[in-house]
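Residue numbers (full-length UniProt numbering): 1 to 563.
The beta carbon of each residue, even a glycine, is placed where N, CA and C say it ideally should be.
The structure presented is a predicted model; accordingly, all values stated were derived computationally and were not measured.
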């Protein structure tokens, strides 16, 4: 390859439907592999950055799924032709989503392109995704994604340099002269910057003592499942530093099809972890999704910690973590559908609390304004203001840090927490790949039912349980930082006792519609705290399904996944 190359302009055709959702553009791999399809979207991202693009630095990496390497190759060529000064790329195209955010913030880059479809399956017949993260390290806000989409609708051509070829499997720095300007490609170790950041947040020596054991305490046995996703190299490095041997780390090689696994860390798709925890000697288990931003936490004998409870426990014990001892605790937040357990911690401890729509960008705005330290979503996402993405490994280390500090098991920590704050029993029913028109008709039906004046204060009864409606609406949000508004964010029924039913259509699938029904029921009766969640929630679930007429609209008798 010559060290001096010239850019060229390629005429293209417009593809409909390149509208990024809450987490970028997600489609089937075969869609992205169409001629010019990926190139168009990359060009639109770069064009949307305007004058700031020329001479800028961008981060590039992905979750290791099928088509990541080809996409990185296209990004290098298009970025070079569009006047980008430097690309920082993870070795083999591997960077977890939290690592991308870490690197953007550390090196103060203009942003990053993340190649992931998160928890969706991978492989030639599965899904791919591209999203842009801004200079704060967080997902692009609506005005940026709208701009990208507007450009895709009128794009006539894209710029590229066909002659550039870089070996991304090798850590190296390459400088090429492009149209008379220097263009730098840094292929970096995927883990180093993230690991350094974690060491600044947590006391690794106290976590290591927990895991290794001491004179008065046996070793605390962990089982970490990377689900053949991007976190494999990260957990191997981090947990070897913590003295954990490789037999406690499974599925740690990123595979293009995630080894046939569905890389979504929940009780359905991480069944092998659940079974190993049930039958094995482990005190603690964790699993992460494809791109490393989601987590599932289990205690001994597969004691399941719901994401809503996990967030609340972290909130209640955040001051034991060195990072927060330094920064102080500025505020807590959760997404609207997430169980309200953290609300009670905030109220009891006098900490400011925020409820936001689904989408990490809403948390990022609050963090940038200095309003927020900890946040989470019921969809197994937890994070803090150390970056601007949810962060699975961070959540796992936060739990281990708290366990080391309290000297209690996962289950005992939860039982103590419920004794103090009461328990929000929470479940989510997912109906995946429903007919989109039928799903929309169902949502319209629910909205018309809950907007009837007589619905407020009505009594809904199931199995001798009576729920009195306090409020029902289509949730909207006004950002306290910039005043921006988000409307139609989910249908809510709030009851006088603090229980809730939420209905949403998810935007994270690549085809069809995913209907999500969330049910949250608060109990402070000590005799109820240990009961099975599905048993406690059954009356409210029955009411939720009856109001929605879900079976009649979709033909579905049962959810695809229950969490």
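- Residue 434 is bridged by DSSP to 513.
- Between residue 162 and residue 77, the gap from beta carbon to beta carbon is short of 8 Å.
- Residue 90 sits in a strand when the DSSP states are folded into three classes.
- With contacts defined as CB atoms closer than 8 Å, residue 201 and residue 98 fail to qualify as a contacting pair.
- Exposure of residue 124 is indicated by the presence of fewer than 16 other C-beta atoms within 10 angstroms of its C-beta.
- For the 8 Å CB-CB criterion, residue 396 and residue 319 do not form a contact.
- In the DSSP assignment, residue 264 falls outside any alpha helix (DSSP H), carrying neither H nor E.
- Per DSSP, residue 97 lies in no beta strand (DSSP E); the unbroken alpha helix (DSSP H) holding it starts and ends at 97 to 107.
- With a threshold of 16 other beta carbon atoms within 10 Å, residue 378 meets it and is buried.
- Following the DSSP letters along the chain, one finds residue 384 inside the beta strand (DSSP E) bounded by residues 381 to 384.
- Bridge pairing for residue 124: absent [DSSP].
- In this structure the stretch 515 to 533 touches the stretch 494 to 501; the number of beta carbon pairs closer than 8 Å is three or more.
- Distances from the CA of residue 223 to each of 248, 232 and 262 were compared; the closest alpha carbon is that of 248.
- Counting the other CB atoms within 10 Å of its CB gives residue 30 a total below 16, which places it among the exposed residues.
- Following the DSSP letters along the chain, one finds residue 296 inside the beta strand (DSSP E) bounded by residues 295 to 299.
- A residue is called buried when at least 16 other Cβ atoms come within 10 angstroms of its Cβ; residue 527 does not meet this threshold and is exposed.
- With 16 or more other Cβ atoms inside 10 Å of its own Cβ, residue 66 counts as buried.
- C-alpha of residue 533 to C-alpha of residue 389: approximately 29 Å in a straight line.
- Per DSSP, reduced to three states, the secondary structure at residue 80 is helical.
- The residue from 525, 535, 530 and 489 with its alpha-carbon nearest to that of residue 516 is 489.
- Judged by DSSP in its simplified three-state form, residue 547 adopts helix.
- Contact between the stretch 51 to 59 and the stretch 73 to 89 is present, with at least three C-beta pairs closer than 8 Å.
- Boundaries of the alpha helix (DSSP H) harbouring residue 238: 232 to 241, taken from the DSSP string.
- In the displayed model, residue 441 falls within a helix according to three-state DSSP.
- For residue 430 against residue 290, the beta-carbon gap comes to about 17 Å, at or over 8 Å, which does not count as contact.
- Less than 8 Å divides the Cβ of residue 208 from the Cβ of residue 243.
- Where residue 411 is concerned, the enclosing alpha helix (DSSP H) starts and stops at 410 to 421.
- When rounded, the separation of the alpha-carbon atoms in residue 108 and residue 135 is 7 Å.
- Rounded to the nearest whole angstrom, the CA to CA distance from residue 172 to residue 23 is 30 Å.
- In the structure shown, the three-state DSSP call for residue 540 is helix.
- Spanning the alpha carbons of residue 513 and residue 548 requires a straight line of approximately 16 Å.
- Residue 205 sits in a helix when the DSSP states are folded into three classes.
- Residue pairing for residue 495: DSSP places it in a beta bridge opposite 469.
- DSSP, read as helix, strand or coil, puts residue 485 in strand.
- The Cβ neighbour count for residue 225, taken over all protein chains shown within 10 Å, is at least 16; the residue is labelled buried.
- Burial state of residue 385 is buried, judged by a 10 Å Cβ sphere holding 16 or more other Cβ atoms.
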